[in-house]
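Counting along the sequence shown from 1, when you hit position 434 you're at 424 in my numbering, and nothing is skipped either side.
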Amino acid sequence: MYRQLTTLWVLLLIASSSWADAPLKVVTTIKPIHSILSGLLAGSTPPQLLVDGAQLPYHYRLSEPQKKSIQQADLIAWVGPELEKFMLEPLQQLNANTTVLTLLDNEEIKVLPSRWDESKRDPFFWLDSRNIIILTDELARVLMKVDPERKALYERNRHQLLLRLARLDRNLEYGYRGLKSGIGMAYYDTLQYFEQAYALKIRGVVTQSPTTPVSGLSLLQSHAKLASGDYSCLLTEQQSAMEQLPILTQGVQLNITPLDSFGTTLESGTDFYFELMKYNTSAIKQCLQFENSPISLPPDSDQAPLSSGIGGKFMLRDHHGKLITDQDLLGKFHLIYFGYTFCPDVCPTSLITLSSALNQIGELAEQVRPYFITVDPTRDTPEILNTYVTYFHPTLVGLTGTQAMVDRVAALYRIQYEKVEDPSRAADEYIIDHSSGLFLMAPDGKFITKFAHGIAPTEVATRLKAVLSQH
C-alpha cells in the first residue's frame, strides 16, 4: 500500500511539474505588439505573429493553421476592430479559458478618436512611445496573472524593456527638435499620435486609409494646399497603394518620403519596435527639412483635435479648504498628478520633476497651473496637504475631498488605486498602489498628453515649451 501511494505521489509531482512547465501560447496580430511581447517573453516560448512580412492588416485573411493557433492560444493580444476585422469571427469562437486583450479598450493607454468618425478610435497608438511604455506594464501584468510560475522572468524582462524604451523616448525627444522646420501632409492618417506627442506640423491628410477611396474634393483641396508652396513634405506609406499620387503631386516640388507605420520592411522580433520608431522618425525629419520651402502656418482649423475622453466634471477642496470644481481649472494649461502624501518615493520624485520642469520654462510657467490630487483622502486632509505642497513648486495646488469625490475624479482620469495593508504595521500605516503619470490638460479642459513616470524634467520642459508656443 505504501509503495502504491509513493508511486502515485511521484506521478502527481511529475504531472504538476509538466503542467507548470507547459509553454504559454501567446498569439498577436501585428509587428509592433509582437515586438513588445517578444521582449517580455524572452527566455520562454516566443509569441506567434499573424500579420508578418510586408503584409498589412486591412484585408488580411487568416490561414487554417493560424485559425487553429488562435483556438489553442492561452493569450491573444490584438489592437481592435478598427484595424483587424479579420479577428472578429475567430474571437467569437474561443473557449472561456483564453484571455483576450483588446488594446484599444485598455483604459491606461492614450487612445484618440478617429478624425474621420468620432464614434471610432484611431488604432495607431503605438506611434507614441509613451503608450508603449504603458503597454509594456499592462502586458507584463497580464502575463504574470495568467502564468504566475514565470513571474520572475516577466518582471526581469519588463525591467530591461522599460530601460530600453526610456532611452528610445529620450532619443525621440532629440529627433523631435529637428521636426520643427517644415510643414507636411500625410497621404494616409497614421500620424495623429505622433503629431500630439511631438508637436509635429502635419496640416492635412488626403484620406483615412487604403480601405477608403480618395474623394475628388479631398484630392483637389490637397493638391491646392501642396501647390501653395507652404508645404515642404508629403508622407506616403510603404506597401500601400496610392493611385492618386501622380495627380496629387502634379506640378508640385516637395519631398515625398514613405513612412512604414506597420514596419513592413523590418524584421519582426524584440528589436523591431525600436527600429520602427527610428526609421519613421528619420523619415519624417528628412522629409520636413526641405530647405527651399517658404514656411507659413495654415489656419488652426487644420490641426488635430485634442480629445480622448480623459477629464470631466468634478468637485474637490483645495489645501485651504476652498471648494474647487473643474470649471476653476479652465483658462490655463493644467498639470495634474495623482498620488498621496504618505507615498514613500514615486510621488515626491514625480512632483520634483513637475516643479523642476516648470522652473526650466521660465515665464511660460505663468500659463500653467499644477495640481496634486490625493488618492488617500482619509489621511490627506486640507491641513496635511497645506504643509505638503510647500515642499514643491510654489503654485502647486493640493486637492482632496470625500472618498466618493476622489473616486469620481480618479475614474475621469482613468487612475487606478488600491489600499494595501501590512498586518505588521498600525492600521493607519497602509500604502496605496496607484497609477502614475502626469496629465497635461488644455485651457479648455481637453486632454493633451500624459507624461509617463520616470521622464526627465528637461524632457517635460521641452514638450511643455512646444505646446505652449503654439497657443
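Positions of the beta carbon are idealized from the N, C-alpha and C atoms, including for glycine.
Range covered by the alpha helix (DSSP H) that runs through residue i
i: GLU419; result: Premise fails: GLU419 is in no alpha helix (DSSP H) and is neither H nor E.
i: TYR361; result: Taken as a continuous stretch (DSSP letters only), TYR361 belongs to no alpha helix (DSSP H), being part of the beta strand (DSSP E) at 358 to 364.
i: THR271; result: 262 to 278
i: LYS58; result: 54 to 62
i: PHE441; result: Counting along the chain, PHE441 falls outside any alpha helix (DSSP H), though it belongs to the beta strand (DSSP E) covering 437 to 441.
i: GLU98; result: No alpha helix (DSSP H) holds GLU98; DSSP gives it neither H nor E.
i: ILE374; result: 372 to 378
i: VAL136; result: 119 to 136
i: PRO36; result: No alpha helix (DSSP H) holds PRO36; DSSP gives it neither H nor E.
i: CYS337; result: 336 to 350
Counted within 10 angstroms of its Cβ, other Cβ atoms place residue i as buried (16 or more) or exposed
i: SER272; result: exposed
i: LEU454; result: buried
i: LYS215; result: buried
i: HIS49; result: exposed
i: THR390; result: buried
i: GLU139; result: exposed
i: ALA416; result: exposed
i: LYS440; result: buried
i: LYS303; result: exposed
i: GLN198; result: buried
i: SER222; result: buried
i: HIS149; result: exposed
i: GLN234; result: buried
i: PRO203; result: exposed
i: GLN460; result: exposed
i: GLU449; result: buried
i: ARG404; result: buried
Residues near residue i by beta carbon distance below 6 Å, same chain, minus five either side
i: SER346; result: PRO447
i: MET134; result: LYS141, TYR144
i: ILE213; result: Going by the sequence as given, residue 213 is His instead of Ile. The residues are LEU238.
i: LYS191; result: ILE173
i: LEU287; result: Caution is warranted here: a pLDDT of 32 is assigned to LEU287, below 50, making its placement in the model unreliable, and the coordinate value is therefore given only provisionally. Within the same chain, LEU287 has no close Cβ partners at all.
i: THR89; result: LEU65, VAL136
i: LEU40; result: THR19, GLN56
Check whether residue i and residue j have beta carbons under 8 Å apart
i: LEU158; j: MET267; result: yes
i: TYR183; j: ASP127; result: no
i: THR331; j: TYR378; result: yes
i: TRP68; j: THR18; result: yes
i: GLY259; j: SER25; result: yes
i: GLY329; j: HIS424; result: yes
i: ILE445; j: PHE382; result: no
i: LEU354; j: LEU428; result: no
i: ILE422; j: VAL365; result: yes
i: HIS309; j: ASN376; result: yes
Enclosing beta strand (DSSP E) for residue i [first to last residue]
i: MET395; result: Premise fails: MET395 lies in the alpha helix (DSSP H), 393 to 402, not in any beta strand (DSSP E).
i: TYR178; result: 174 to 178
i: ALA214; result: First-last for ALA214: 206 to 217, but that is the alpha helix (DSSP H), not the beta strand (DSSP E).
i: ASP308; result: 305 to 308
i: GLU408; result: 407 to 410
Contacts around residue i, its chain only, beta-carbon distance under 8 Å, and the 5 residues preceding and following it disregarded
i: PRO80; result: LEU52, LYS57, ILE60, GLN61
i: PRO367; result: THR390, GLY391, THR392, GLN393, MET395, VAL396
i: ILE99; result: LEU93, PHE115, ASN121, ILE124, LEU125, GLU128
i: ARG111; result: GLY70, GLU72, LEU94, VAL101, LEU102, PRO103, SER104
i: SER208; result: VAL196, THR197
Sequence-distant residues of the same chain with beta carbon closer than 7 Å to residue i, five excluded per side
i: ILE374; result: THR331
i: ASP107; result: none
i: ALA294; result: Unreliable positioning characterises ALA294 in this predicted model, as indicated by a pLDDT of 33, which lies under 50. The coordinate reading is nonetheless provided below. These residues qualify, in order along the chain: ARG105, GLN182, GLU185, GLN186.
i: LEU232; result: Just to set this straight, residue 232 is Met in the shown sequence, not Leu. Around MET232: TYR177, THR226.
i: SER28; result: PRO36, PRO37, GLY259, THR260
i: PRO71; result: LEU78
i: GLN229; result: ALA44, LEU46, THR254
i: PHE252; result: ILE20, LYS21, LEU46
Any non-hydrogen atom of the ligand ZN within 7 Å of residue i CB
i: PRO360; result: Of the ligands one can find in the structure shown there are none, so the ligand ZN has no counterpart to examine.
At least three beta-carbon pairs within less than 8 Å, the stretch 426 to 443 to the stretch 308 to 325: By the Cβ criterion, the stretch 426 to 443 is in contact with the stretch 308 to 325, since at least three pairs of Cβ atoms, one from each stretch, lie closer than 8 Å.
Using 8 Å as the threshold, is the stretch 403 to 420 in touch with the stretch 311 to 322, meaning 3 or more CB pairs across them? Judged by Cβ distances under 8 Å, the stretch 403 to 420 makes no contact with the stretch 311 to 322, as fewer than three pairs qualify.
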